[in-house]
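Mapping of the sequence shown onto numbering that gives the first Met the number 0: position 141 corresponds to residue 140, and the numbering continues sequentially without gaps.
Ideal placement from N, C-alpha and C gives every residue a C-beta, glycine not left out.
Keep in mind that this is a model prediction, so the values were computed, not measured.
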Amino acid sequence: MPDKHHTFWLNFLLLHVMMASVTGEDCFDHRTLSDKVSISYTKLDLSHCNITRLQQSTFRKYPNLQILDLSYNALEELDFSVFQFHTALRKFDISHNKLRTINCSTLQYIRGITHLNLSYNHFKNTFLCKEFAILTKLRYLGLSATRIDRYDFVNLAHQELETVFLGLEHLQQYESGSLQLLDTEKLHVVLPQTSMNTTPLYNDFNISTTLELSHILCEETCDLIVEDIDKIIQKSKVSKLILSNVTIPWHGMVKILYISWRTTIEYLSINRFSYTTRSFYDHIDFSPGSIKSLTIENVIPQDFLFSSRKHPLNIFSEMFIENLTMSHSELSHFPCPPWPSIFQSLKLTNNKITDVIFTKCKTLPNIQSLDFQNNVLERLSSIASMTSTMKSLKYLDVSGNRLYCDFRTACQWSQSLLILNISRNKISDSIFNCLPTNLEVLDLSGNQLSSVNNGINHLKALKELYLSSNQLSHIPDCSHMSKNLIYLNIEENIIHSPAKEQLSKCQHVKRIMAGKNKFQCNCELRSFIRTAEDLHESLIGWPHSFTCEYPQDLKGVMLKDFHPSEISCNIFILVGLIVGTMVVLLVFILFLCKCYDLPWYIKMIFQWLRRKYRIRNNNNEEAMMGKSFHAFISYSQQDYEWVTDLLIPNLEKGDNSIKICHHIRDFIPGKAIIENIIESIEKSYKSIFVLSPNFVQSEWCHYELYFAQHSLLGKNSDHLILILLEPIPQYLIPNKYSKLKAIMKHRTYMEWPKEKGKHGLFWANLREAIKANIPLEDDDIYVFN
Ligand SMILES: *[C@@H]1O[C@H](CO)[C@@H](O)[C@H](O)[C@H]1NC(C)=O
Ligand SMILES: *[C@@H]1O[C@H](CO)[C@@H](O)[C@H](O)[C@H]1NC(C)=O
């Protein structure tokens, strides 16, 4: 997934970088986009790309295209069949090209179109061919013209349009009544800048209820233009008039306001208004007229300089209208009306309004809605006391200011206030000690809150509480909050490990948004996750916006998919498991010891390893000098069978690698036994003694043992090997053989195992003990010198 996203954004970026360039065809290089990415595109901006020709192949990659902007290119002809497979295409802007004709027969291919902008091309006339009637979904049509003839729009006569845009800057000729064929809610006209007779045209602006006039321009004497507008207004039946891109002297604008005052116009909007002279106050009677709502936006220059006694903005504050908007105009002030106004709504957004606004202003008794979004307000106490005189105020938006809490004395808010938006300010926790008590909606998102204190519990009517993008580390305690609370937003805070209880306390809240927090996915979070799953219907954004932030390796994993094992989270289970495992292991070891004699095996292997190690270290040639046998065997006659049947065959194995000195075979007849014994021991590398109760009884055996122990080479204490064939109780050993007792006590001996299975290891071990490189010498020469 991350890869896919990565390429998507990469391509997206690439696309935008390329679109920024204006060098012909490579403005947008389609080859760089993978099909997978392009298929998801619904919107394509190819404006300013110097495109001269459209090809079907260009758009084939974007089968889901809905919005296509090809404005400001160099297209001369247009064949809509290029889009025959783009049935989703809705908005198509091809304004500011060089089109001369439209291939009308291909209009059927864009039958689903709702927005079509053909303005500012090189069409000779505005006649719309009969195929336009196919475009039954059309709501917006943009055209421009140098001449308009009587029946140009006849083929659209039955279409109910929303907006028709007509760029008529260069209009030379207009045939009266032509526009009457259009049926549209809004007509937007860029007024002609030519010297033609405009009367027939203006008379036809009465076709819509909303009229927008653009490009109203004059420098000094503007009587003509004001007269024109007067004519248009008087003739039309518009209820909403919008004037945009207006450049006229201040008094011209005031005059337009005045002539609009008692007409059909209820809503007047002046957008992008620059005045060419100084602003000044003029006393004009703006007592109640038709206009209910006035909007003035983007005023240039944005400083209302004034030379007269009264501030020019008093013109507006004295007006008897319901709603006034003045935004994006850098206003630093707005005067308190000199008499009780009928203002219901004042919107002074995106200005430079400061704390002194409406201080002690008692003339706004009807004001219901105040919007000071994005200004430079600072002290919340000033704003609170400002509202205290506004008995009808229900809605206050002071979002996007620099407000901080500075309450020292009792806080005074208008008690009528229901909706308060203080988002994106510098509000701290003390806000909860001073809030209008009847609030229903409180937006405190984007502030510096670290906790929600009990003050919130006084808001008994609170329905919606917005606390997103703060510094909250816990879910606020909902249990004492208003019982009417239906919406709580605590997204994008720093809640790491929310407790299950905190969430359950908010159970009565119908919609809770708590996602996009930095959740720490550990065992403690499990009960929260379970509660969250139970409450998922009211938990908006579950599960997608609830993801782990820590630990790093779980980042991005949805809480829903976080399932730590029961074992890793429960300390009792964990301890139990460890103890249990140990017990089982112990029992197993005991069982092995008991049934399979494990210690014996371990001992044998240990001995074997030790021998191997010693052989490696001491197997020097010198020690081997004069040796003819690997081992001499001493045993009691009673154990004869064991020695000849098992011991010798198993050691010698018939491969001559080990030679055993066996008295029956290797003693020299005629020699004294003692001599034989001594010689044999000395010629052997090791001496093996087969110990058993019988051995203890045998005198000879004792001799042999004695000699072996004292032999010249006996310094190497390792050359004695004792095999305990049968256990010998200590009492069996006669006292005179204290030597044997001592040997048996201090030397380790090899026990002959009774179990057949162990025999193999026993023999291997024994062979290893006596293995050595005996110099291969001829017996005849060496034996018995
Ligand atoms: C004026 O504002 C009030 C309150 O916001 C609103 O209810 C009313 O519809 C508005 N009137 C007009 C004419 O826009
Ligand atoms: C508060 O104002 C902001 C704009 O500053 C807006 O996005 C938000 O939706 C408003 N809050 C409410 C509850 O309407």
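- Not one heavy atom of ligand 1 is found less than 6 Å from the C-beta of E75.
- Using a Cβ distance threshold of 7 Å, D638 and S691 count as a contacting pair.
- Its chain contains L140, L181, T183 and L186 as the residues whose beta carbon lies nearer than 6 Å to that of V163, once the 5 sequence neighbours on both sides are disregarded; these appear in chain order.
- The Cβ atoms of L345 and L376 lie no closer than 7 Å to each other.
- The residue from G579, Y634, Y684 and L576 with its alpha-carbon nearest to that of H662 is Y634.
- For G445, the CB stays at least 6 Å from every heavy atom of ligand 2.
- Between V153 and I109, the alpha-carbon positions lie close to 20 Å from each other.
- Straight-line measurement puts the Cα of H85 at about 16 Å from the Cα of L137.
- For R664, the enclosing alpha helix (DSSP H) has its first and last residue at H662 to D665.
- Per DSSP, the continuous alpha helix (DSSP H) segment holding A763 begins and ends at H758 to I769.
- With fewer than 16 neighbouring CB atoms inside 10 Å of its own CB, G579 falls in the exposed class.
- Pairing P497 with G399, the inter-Cα distance amounts to about 29 Å.
- Separation of the CB atoms of I314 and Y274 is rounded to 12 Å, and the pair is thereby denied contact status at 8 Å.
- The closest CA to that of N205, considering only L134, E219, Q470 and G176, is found on G176.
- Taking C-beta separations shorter than 6 Å and ignoring five residues to either side along the sequence, the partners of I430 in its chain run C404, following chain order.
- Remark: the C-beta of N488 is outside contact range of ligand 2, defined as less than 6 Å to any heavy atom.
- Closest in alpha carbon position to N446, among N453, R423, H457 and Y465, is R423.
- Remark: fewer than three beta-carbon pairs, one from each stretch, lie closer than 8 Å, so the region 666 to 684 and the region 640 to 648 are not flagged as touching.
- Excluding five sequence positions before and after H327, the CB atoms of its chain that fall closer than 7 Å to its own CB belong to E296, N297 and N349, given in chain order.
- For S503, the enclosing alpha helix (DSSP H) has its first and last residue at K499 to K504.
- The continuous alpha helix (DSSP H) containing D533 extends over residues L524 to D533.
- Counting of Cβ neighbours within 10 angstroms places W338 among the exposed residues, the total staying below 16.
- Per DSSP, reduced to three states, the secondary structure at T193 is coil, with no helix or strand assignment.
- According to DSSP, residue pairing for K685 in a beta bridge involves A630.
- For E439, the distance from the CB to the nearest heavy atom of ligand 1 is not below 6 Å.
- At a Cβ-Cβ threshold of 7 Å, N116 and S94 count as neighbours.
- By the criterion of a C-beta distance shorter than 6 Å, P336 is surrounded in its chain by S316 and T362, once the five residues flanking it on both sides are discounted.
- Per the C-alpha coordinates, the member of N469, Q411 and Y600 positioned closest to K425 is N469.
- Collapsing the DSSP output to three states places R610 in a helix.
- Going by beta carbons, I147 and Y173 fall inside the 7 Å limit.
- For L369, the enclosing beta strand (DSSP E) begins and ends at S368 to D370.
- Using a 10 angstroms sphere on the CB of D654, the tally of other CB atoms stays under 16, which defines it as exposed.
- Contact between P287 and L312 fails: their C-beta atoms lie close to 20 Å from each other, not under 8 Å.
- For the pair K351 and R401, the Cα-to-Cα distance works out to about 11 Å.
- By the neighbour-count definition (other C-beta atoms within 10 Å, threshold 16), S56 is an exposed residue.
- Across the structure, L731 and I667 are spaced so that their CA atoms are roughly 33 Å apart.
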